[in-house]
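> Okay, here's the structure, questions in a sec.
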Amino acid sequence: MKISVITNGISQDYETCCKVLKETGVQYAELQEVYGKRVELLTEQEADTIKKLNDQYGITPVSVTTHAFAGVDVMSLEVGDETYEKHLNLLKNGIRIARIVGAPQVRAMPFTKAIVLHGAHGSDQWNAGGNKAWPKFIELYRPIAKLAEDEDITITVENGFNAMIVSGYQCRKFIEELGSDKIKILWDPANALYYGDIPYPNAYHEVKDFLGHVHIKDLNCSLIEGWVDIKNIGHGMMAPYLDDMRTALEHDGYEGYISLENILRPDGGDFIDGYYLDIPELKKRFE
């Protein structure tokens with residue numbers, strides 16, 4: 020296991036990120052937003068600059084974390100239509116950026132959430148839209164899987180608060196039905212915890228064979244009341260599960276990355292202050 024950091028949790032200026040990573044003893048960087056842009060919108064010249072800075076500061080990029088296919092309703096989309104092609108092209112540009120900077124993975128997102136995916140005895144008609152969303156989701160992901168295979172690159176798919184896959188069960192079902200070894204799960208257990216999915220042992224045992232990458236943050240939350248409050252790692256609802264997750268990942272031979280998703284902005288401070296609170300807590304538990 021190796022510690023990495025989503026760099027925009029430090030700064031949008033990449034050289035600043037490199038300096039802070041070096042200062043805090045982190046070698047591995049996950050690129051999501053740089054220079055005020057989502058990474059899939061970067062130019063090749065900007066990617067070249069990132070590559071030079073990585074070489075200068077000894078930073079290794081581990082993921083180009085795009086937002087391709089985020090926030091799109093599967094039932095409003097068809098393979099090959101204008102919106103689909105727009106997002107596919109964003110993903111392709113993410114792959115080009117990954118080639119330039121030397122990142123082995125690219126993230127894609129799993130569209131936007133349909134609340135009830137499977138219904139029976141009338142719920143299929145009245146709550147689950149005829150049970151059409153899930154098979155449509157798999158159909159829409161097949162060209163993405165083919166792209167990953169053609170490009171010989173791993174595409175990770177993140178379970179999100181507002182995404183077609185949230186729980187560990189849904190992640191496993193997605194990977195098994197899609198059937199591509201180039202598509203892996205970017206597991207964010209805190210996102211799933213919002214919906215009541217227990218990170219360990221429940222969710223972990225669903226996703227452990229399909230992991231490509233892991234995001235860690237901590238939070239308190241209430242689905243019933245509809246709120247999330249980001250906490251210092253080890254001080255929120257993730258705290259009871261972190262040590263068991265680390266033990267299980269080590270036992271199962273996980274050799275990938277544990278990325279700090281720093282979205283903590285402490286009272287009176289900014290996100291960089293949250294980073295300095297979170298990175299020692301993450302390293303203490305997972306390094």
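Here the working numbering is used: the first residue of the sequence shown is 20, the next is one more, and so on. We put the beta carbon where it would ideally sit given N, CA and C, even for glycine.
According to the Cβ coordinates, are E177 and M128 closer than 8 Å?
In this structure, M128 lies closer than 8 Å to E177 by Cβ.
> Buried or exposed: P80, going by 16 or more other Cβ atoms within 10 Å of its Cβ?
The residue is buried, with at least 16 neighbouring Cβ atoms inside 10 Å.
> Between G187 and A222, is the Cβ-Cβ spacing less than 8 Å?
In this structure, A222 lies closer than 8 Å to G187 by Cβ.
> Tell me the residue span of the alpha helix (DSSP H) that contains G198.
Segment: none, G198 is in no alpha helix (DSSP H) and carries neither H nor E.
> Rounded to whole angstroms, how far is the Cβ of A152 from the Cβ of I119, which I believe are closer than 8 Å?
Between I119 and A152 the Cβ distance is about 36 Å, and since that is not below 8 Å, they are no contact.
> Grab the span of the alpha helix (DSSP H) containing A164 for me, first residue to last.
That run of the alpha helix (DSSP H) goes A152 to E170.
> Could you check where the beta strand (DSSP E) with V247 kicks off and where it finishes?
Looking at the DSSP string, the run of the beta strand (DSSP E) that includes V247 is W246 to K250.
> Could you please give the first and the last residue of the uninterrupted beta strand (DSSP E) stretch that includes G231?
L230 to I235 is the span of the beta strand (DSSP E), which, as asked, contains G231.
> How is F130 classed by DSSP in three states: helix, strand or coil?
The answer is strand: DSSP assigns F130 an E or B state.
> How would you label E195, buried or exposed, when you count the other beta carbons within 10 angstroms and need 16 or more for buried?
Exposed, by the Cβ-count rule.
> Nearest CA to the CA of K70: which residue from G121, K38, K105 and Y219?
Residue G121 is the option with its Cα nearest to K70.
> Near G179, which residues of its chain fall below 6 Å by C-beta distance, leaving aside the five closest residues on each side in sequence?
Correct list, in chain order: N210.
> My assumption, with CB atoms under 8 Å, is that L268 sits in contact with I235. Please give the rounded CB distance.
Rounded, the Cβ-Cβ distance is 11 Å, inconsistent with contact.
> Alpha carbon to alpha carbon, what distance is there between K250 and K287?
Note that residue 287 is Gly in the sequence shown here, rather than Lys. Cα to Cα, G287 sits roughly 14 Å from K250.
> Which partner residues does V81 have in the DSSP bridge list?
None, per the DSSP bridge assignment.
> Please name the residue in C36, Q31 and V45 whose C-alpha comes closest to that of P299.
It is V45.
> Can you tell me which of the three DSSP states R284 falls into?
Note: R284 maps to coil in three-state DSSP.
> Going along the chain, which unbroken runs of the alpha helix (DSSP H) with 4 or more residues stay wholly within the region 43-126?
Listed in chain order, the complete alpha helix (DSSP H) runs (minimum 4 residues) inside the region 43-126 are 63-76 and 101-120.
> Looking at the secondary structure, which residues open and close the beta strand (DSSP E) in which E177 lies?
Per DSSP, E177 belongs to the beta strand (DSSP E) from T173 to E177.
> Tell me which same chain residues have a C-beta within less than 6 Å of the C-beta of L107, skipping the five on either side of it?
So the list is empty, once near-sequence residues are dropped.
> Determine the DSSP secondary structure at I291, reduced to helix, strand or coil.
Here I291 sits in helix by DSSP.
> With a CB to CB cut of under 6 Å and the five nearest residues on each side skipped, what residues in its chain are close to Y76?
So the qualifying residues of the chain are C37 and K41.
> Give every residue of the same chain whose Cβ lies closer than 6 Å to the Cβ of D292, excluding the five residues on either side of it in the sequence, and list them in chain order.
Around D292: P285.
> Per DSSP, W206 is paired with what?
Answer by DSSP bridge pairing, in chain order: V233.
> I'd like to confirm something about K227: is its beta-carbon nearer than 7 Å to some heavy atom of the ligand HEM, or not?
The ligand content of the structure shown is nil, which means the ligand HEM is not present either.
> Is S82 closer than 8 Å to H270 when the C-beta atoms are compared?
No.
> Measure how close the beta-carbons of A147 and I202 come, nearest whole angstrom, since I'm counting them as under 8 Å.
Their Cβ separation, rounded to whole angstroms, is 25 Å, which puts A147 and I202 out of contact at 8 Å.
> Thinking C-beta only, is F305 closer than 8 Å to I22?
Yes; because the gap between Cβ atoms is below 8 Å, this pair is in contact.
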